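Residue numbers (the numbering used here): 204 to 382.
Structure follows, in structure tokens:
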């Protein structure tokens, strides 16, 4: 079967239109999944656990991640960062409330990223009187999400909970159908 050269060129052009977003989105989705699943995997009775007295409790990592997502994704959307109110979902809040707030923050980020193109990600926007480029907040979000998850993994392992990314990697694979 021959594919017309023009059709092939158009297909390649369409695939290359947003290489930045094509690289960013799956990594963001994986980190979002890891964070939500880590929050869900930790038993509620261990949400106050600290690896050492000087460190955050596991619940504080969840709160910190919620604040990160709200702040970064507001910037990505081109709006000022909302006030950071840790009393809404900070230390001492039950797992169910923290998990719901984390999912809400992830949904908010999804909305900020929905329809984002490379052109929009690289365009200067005014956020609260300061010029910024959304891609800066996107990269900061991704690197901080990875850092937060890395910290949470230590807490999970200390409580003999397999981190979600490890569990997915250990899951049996379904073999591909024979041809």
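Quick reminder that beta carbons are idealized off the backbone N, C-alpha and C, glycines included.
Quick caveat: nothing in here was measured; it's all calculated off a predicted structure.
Are the beta-carbon atoms belonging to residue 361 and residue 254 less than 8 Å from one another? For residue 361 and residue 254, yes; Cβs fall inside 8 Å.
7 Å CB neighbourhood of residue 249 in its chain, flanking five on each side removed: 261 and 362
Go ahead and label residue 332 buried or exposed: buried means 16 or more other beta carbons lie within 10 angstroms of its beta carbon, across all protein chains shown. exposed
Across the stretch 223 to 231 and the stretch 321 to 335, are there enough close Cβ pairs to call them in contact, namely three or more that are closer than 8 Å? yes
Rounded to whole angstroms, how far is the Cβ of residue 244 from the Cβ of residue 359, which I believe are closer than 8 Å? Confirmed, about 6 Å.
Paired residues, beta bridge with residue 260 - DSSP: 253
Under 8 Å, with one C-beta from each stretch per pair, do the stretch 370 to 382 and the stretch 310 to 321 reach the 3-pair mark? no
Using DSSP with H/G/I as helix, E/B as strand and the rest coil, what is residue 211? For residue 211, the pLDDT reaches just 49, beneath the cut-off of 50, and the residue's location in the model is therefore unreliable, although a value from the coordinates is still provided. Residue state, collapsed to three classes: helix.
Would residue 348 and residue 270 qualify as a contact pair, given that the criterion is a beta-carbon distance under 8 Å? no
Return the CA-CA distance between residue 229 and residue 343, expressed in angstroms with no decimal places. 16 Å
My parser needs the beta strand (DSSP E) runs of 3 or more residues fully inside the stretch 277 to 362; what are they? 328 to 330 and 333 to 335
Chain-order list of residues whose beta-carbon lies under 8 Å from that of residue 351 (same chain, five-residue window excluded): Within the same chain, residue 351 has close Cβ partners 238, 264, 267, 268 and 271.
Cβ-based burial, residue 374 [other Cβ within 10 Å; buried from 16]: exposed
What residue from 353, 311 and 252 has the CA that sits closest to residue 273's CA? 311
Cβ of residue 281 within 8 Å of Cβ of residue 330? yes
By Cβ distance below 6 Å, which residues in the same chain neighbour residue 287 in space, the five residues on each side in sequence not counted? 270
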